[in-house]
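Asker:
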Amino acid sequence: MIPLSRKISLTLLLASVLIFSVRSQENLLDYKNSLEFARYLKSTRQYNFAMEEYERLNFLWPGDSLISLELVQTYRLNRQCNRLDDSFELLRDNIYRHHSLPSVKEYLAFSLSCRSESEKYHELSSMLKPADRSFYELSYFWLSRKYDSAFVYCRENKDLIMTNNPGLLSLTYNFANEKNKSPALAVMMSAVIPGSGKAYAKRWGDAVVSFLFVGSNAYASYRAFSKKGVKSVNGWIFGTLAFSFYSANLWGSAKAAKTYNSDMQQRYQDNAELIIYNSF
Numbered sequence: 004m005i006p007l008s009r010k011i012s013l014t015l016l017l018a019s020v021l022i023f024s025v026r027s028q029e030n031l032l033d034y035k036n037s038l039e040f041a042r043y044l045k046s047t048r049q050y051n052f053a054m055e056e057y058e059r060l061n062f063l064w065p066g067d068s069l070i071s072l073e074l075v076q077t078y079r080l081n082r083q084c085n086r087l088d089d090s091f092e093l094l095r096d097n098i099y100r101h102h103s104l105p106s107v108k109e110y111l112a113f114s115l116s117c118r119s120e121s122e123k124y125h126e127l128s129s130m131l132k133p134a135d136r137s138f139y140e141l142s143y144f145w146l147s148r149k150y151d152s153a154f155v156y157c158r159e160n161k162d163l164i165m166t167n168n169p170g171l172l173s174l175t176y177n178f179a180n181e182k183n184k185s186p187a188l189a190v191m192m193s194a195v196i197p198g199s200g201k202a203y204a205k206r207w208g209d210a211v212v213s214f215l216f217v218g219s220n221a222y223a224s225y226r227a228f229s230k231k232g233v234k235s236v237n238g239w240i241f242g243t244l245a246f247s248f249y250s251a252n253l254w255g256s257a258k259a260a261k262t263y264n265s266d267m268q269q270r271y272q273d274n275a276e277l278i279i280y281n282s283f
């Protein structure tokens, strides 16, 4: 039979272990540890799990400005564009009550990532310092593909943009000074010398092929007609082929010029997006 004093000691020991275990579990789920865990998930790009953890934190500590900001950042990193409106509501107090510029920038970055035409965008960007505002305004024009507006804004705010993002400034200036290829000029050139319009559009291989196909068939048709006159079957065959290749050469030259312009534009667009997204 166990003495009463020993029973009491065992009971106290078990109670202490249980209390310590519960407290340890509570410590693991406290604000500090939970926030660190959410940040770990975000830093390791486990964005779905990070979202769940931040949403749990937001439920337990509603209105916490840091949690709201990092939750919206996680939405952006996970490309949850359907949460853009919810994100504004999460950041509303941060922005209007606490005048949190990081919250303003996070919402603007999220809007840019989603290519949103949000009416709030320009209102919020106006809250930033001029140098920061100029970057977000120019980025907006790039991502909405309003190139003429980007060129004008760049000229008018050159010094401000240079302060924060000289790379985007330089890219915009280079694009503004690029010369597009004229489809009409390409057609006129190829009408005179087959393939020259494609060469003008930097399609050298296609230019050579067009010149050879049109030239060889036209010459073969000429030879055939020279020998047998208009009754020459080969003359008509080669003549028809020459005309077909010649017509295709004109159409292809216009297309080559348009493709050159489109490819050049997309190349600048891709580089601008790389600069913009790497700035967040």
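Heads up: the sequence shown at position 266 corresponds to 269 in this note's numbering, and the numbers run straight through without jumps. Ideal placement from N, C-alpha and C gives every residue a C-beta, glycine not left out.
(1) Can you tell me the Cα-Cα spacing of residue 128 and residue 111, whole angstroms?
(2) Here's the rule: buried if 16 or more other CB atoms are within 10 angstroms of the residue's CB, otherwise exposed. What is residue 273?
(3) Out of 65, 48 and 46, point me to the one whose CA is closest to residue 34's CA.
(4) Apart from the five residues just before and just after residue 77, which ones in its own chain have a Cβ nearer than 7 Å to its Cβ?
(5) Beta carbon of residue 103, beta carbon of residue 72: below 9 Å?
(6) In or out: residue 220 buried (at least 16 other Cβ within 10 Å) or exposed?
(7) Looking only at its own chain, which residues have a Cβ that is under 8 Å from the Cβ of residue 204, when we skip the five neighbours before and after it?
(8) Since I believe residue 248 is in contact with residue 2 (beta carbons under 8 Å), could you give me their beta-carbon distance rounded to a whole number of angstroms?
(9) Judging by CA-CA distance, which residue of 142, 138 and 137 is the nearest neighbour of residue 117?
(10) What does the alpha-carbon distance come out to for the pair residue 265 and residue 160?
(11) Report yes if the C-beta of residue 204 is less than 8 Å from at least one heavy atom of the ligand FMN; otherwise report no.
(12) For a quick check, are the C-beta atoms of residue 90 and residue 82 less than 9 Å apart?
(13) Reducing DSSP to helix, strand and coil, say where residue 261 ends up.
(14) The alpha helix (DSSP H) spanning residue 164 covers which residue range?
(15) Just verifying my parser: in three-state terms, what is the DSSP assignment at residue 84?
(16) Helix, strand or coil, according to DSSP, for residue 72 in the structure here?
(17) What residue does the alpha helix (DSSP H) around residue 231 start on, and which one ends it?
(18) From the DSSP output, in three-state form, read off residue 130 for me.
(19) Cutting at 8 Å between CB atoms, please list the residues of its own chain near residue 278, excluding the five before and the five after it.
(20) Can you find the residues in the same chain that come closer than 6 Å, C-beta to C-beta, to residue 139, ignoring five residues on each side of it along the sequence?
(21) Measuring CB to CB, does residue 121 end up less than 9 Å from residue 68?
(22) Just the Cα atoms here: how many angstroms apart are residue 146 and residue 276?
(23) Can you round the beta-carbon distance between residue 75 and residue 109 to whole angstroms, since I take them to be within the 8 Å contact cut?
(24) Taking the CB atoms as reference points, tell me whether residue 213 and residue 198 lie closer together than 9 Å.
Answerer: Straight from the coordinates:
(1) Position 125 of the sequence shown holds residue 128. Position 108 of the sequence shown holds residue 111. Distance between the alpha carbons of residue 128 and residue 111 is about 7 Å.
(2) For this step, residue 273 is matched to residue 270 along the sequence shown. It counts as exposed.
(3) The residue given as residue 34 occupies position 31 in the sequence shown. Comparing Cα positions, the closest option is 65.
(4) Indexing the sequence shown from 1 puts residue 77 at position 74. So the qualifying residues of the chain are 45, 50, 53, 54 and 57.
(5) Counted from its first residue, the sequence shown places residue 103 at position 100. Counted from its first residue, the sequence shown places residue 72 at position 69. Going by C-beta atoms, residue 103 is nearer than 9 Å to residue 72.
(6) Taking the sequence shown and counting its residues from 1, one reaches residue 220 at position 217. Counting the other CB atoms within 10 Å of its CB gives residue 220 a total of 16 or more, which places it among the buried residues.
(7) Counting from 1 along the sequence shown, the entry for residue 204 is found at position 201. Around residue 204: 184, 189, 256, 259, 260, 262 and 263.
(8) With the chain running from 4 to 283 in the structure shown, residue 2 is simply not present.
(9) Stepping through the sequence shown from its first residue, residue 117 is reached at position 114. Ranked by Cα distance from residue 117, the first of 142, 138 and 137 is 142.
(10) Position 262 of the sequence shown, counting from 1, holds the residue named residue 265. Position 157 of the sequence shown, counting from 1, holds the residue named residue 160. Roughly 27 Å between the two C-alpha positions.
(11) Of ligands this structure carries none, so the ligand FMN is not represented either.
(12) For the purposes of this step, residue 90 is taken as the residue at position 87 of the sequence shown. For the purposes of this step, residue 82 is taken as the residue at position 79 of the sequence shown. Not in contact: residue 90 and residue 82 (Cβ atoms no closer than 9 Å).
(13) Translated into the one-based positions of the sequence shown, residue 261 becomes position 258. In the three-state reduction of the DSSP assignment, residue 261 falls in the helix class.
(14) By one-based count along the sequence shown, residue 164 stands at place 161. Looking at the DSSP string, the run of the alpha helix (DSSP H) that includes residue 164 is 161-167.
(15) By one-based count along the sequence shown, residue 84 stands at place 81. Three-state DSSP puts residue 84 in a helix.
(16) As a first step, residue 72 is located in the sequence shown; it is residue number 69 there, counting from the start. Correct three-state label for residue 72: helix.
(17) As a working note, residue 231 is residue 228 in the sequence shown. Unbroken alpha helix (DSSP H) run through residue 231: 207-231.
(18) The residue you call residue 130 lines up with position 127 of the sequence shown. In the displayed model, residue 130 falls within coil according to three-state DSSP, outside both helix and strand.
(19) The residue given as residue 278 occupies position 275 in the sequence shown. Once the five neighbours on either side are set aside, the close Cβ partners of residue 278 are 168, 170, 171 and 174.
(20) The residue labelled residue 139 in the question sits at position 136 within the sequence shown. Residues of the same chain with a CB within less than 6 Å of the CB of residue 139, apart from the 5 flanking positions on each side, are 111 and 128 in chain order.
(21) Counting from one through the sequence shown, the residue named residue 121 turns up at place 118. Counting from one through the sequence shown, the residue named residue 68 turns up at place 65. With contacts defined by Cβ atoms closer than 9 Å, residue 121 and residue 68 do not form a contacting pair.
(22) Here residue 146 refers to the residue found at position 143 when the sequence shown is read from its first residue. Here residue 276 refers to the residue found at position 273 when the sequence shown is read from its first residue. Each residue's alpha carbon lies about 7 Å from the other.
(23) What you label residue 75 is simply residue 72 of the sequence shown in a count that begins at 1. What you label residue 109 is simply residue 106 of the sequence shown in a count that begins at 1. Taking C-beta atoms under 8 Å as the contact rule, residue 75 and residue 109 qualify, at a distance of about 5 Å.
(24) The sequence position of residue 213 within the sequence shown is 210, counting from 1. The sequence position of residue 198 within the sequence shown is 195, counting from 1. Taking 9 Å as the cut-off, the Cβ atoms of residue 213 and residue 198 count as close.
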